[in-house]
Each structure stands twice: as structure tokens, then as C-alpha cells.
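Below: one structure, written as C-alpha cells.
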Amino acid sequence: MTGPRWRAAWPFVVMAFLAGALALDFAPAFAWLLALGTVLAGVVGISLVLPAGRRSPGAADRGRA
1 MTGPRWRAAW PFVVMAFLAG ALALDFAPAF AWLLALGTVL AGVVGISLVL PAGRRSPGAA
61 DRGRA
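Numbering-wise (the numbering used here), the sequence shown opens with residue 1 and increments by one.
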């Protein structure tokens with residue numbers, strides 16, 4: 001988790017969780033909406049980190065990429 005994609009995405013992941021935690025403290029009536037927003041922001045951040053495609057990590061090394 002030290003590649004360029006992670007370095008670009010980690011602030012989004014951290015801000016999503018912090019925003020969700022703070023919002024739940026101040027507005028529990030909207031907890032479901034804030035939780036959904038936190039999940040979506042986390043998914044966006046994680047999707048930036050994970051490589052695209054469904055190849056296994058060693059597929060290129062084995063010549064079946």
C-alpha cells in the first residue's frame with residue numbers, strides 16, 4: 001500500500017471515515033444518509049487503490065495476462 005495509487009487515494013479514505021464519525025456525533029437523525037455517504041466515499045477511495053481488472057497478480061509473470 002505504498003504505490004502511487006494509494007498515495008493519491010488515502011486522503012479520500014481518511015476524510016470519509018472522519019466525516020462519517022463527526023456527522024454521527026452531530027446529526028444522529030441522518031445517520032443512515034451519512035453512513036451511505038461514508039460508504040460511497042470509502043468505495044471511491046478503495047477503487048482508486050485497487051488495480052483495475054480481474055487478473056491475478058502473478059498472471060503477467062506466468063505469460064497468461
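The beta-carbon is built from N, C-alpha and C at its ideal position, and this holds for glycine as well.
When you compare only the Cα positions, how much space is there between residue i and residue j?
i     : j     : result
GLY45 : GLY37 : 12 Å
TRP32 : PRO4  : 33 Å
TRP10 : ALA19 : 14 Å
VAL39 : ALA16 : 8 Å
VAL13 : ALA23 : 16 Å
VAL43 : ALA21 : 16 Å
Compute the beta-carbon to beta-carbon distance between residue i and residue j, rounded to the nearest angstrom, for a pair I have assumed lies under 8 Å.
i    : j     : result
ALA8 : LEU34 : About 25 Å; that fails the 8 Å criterion.
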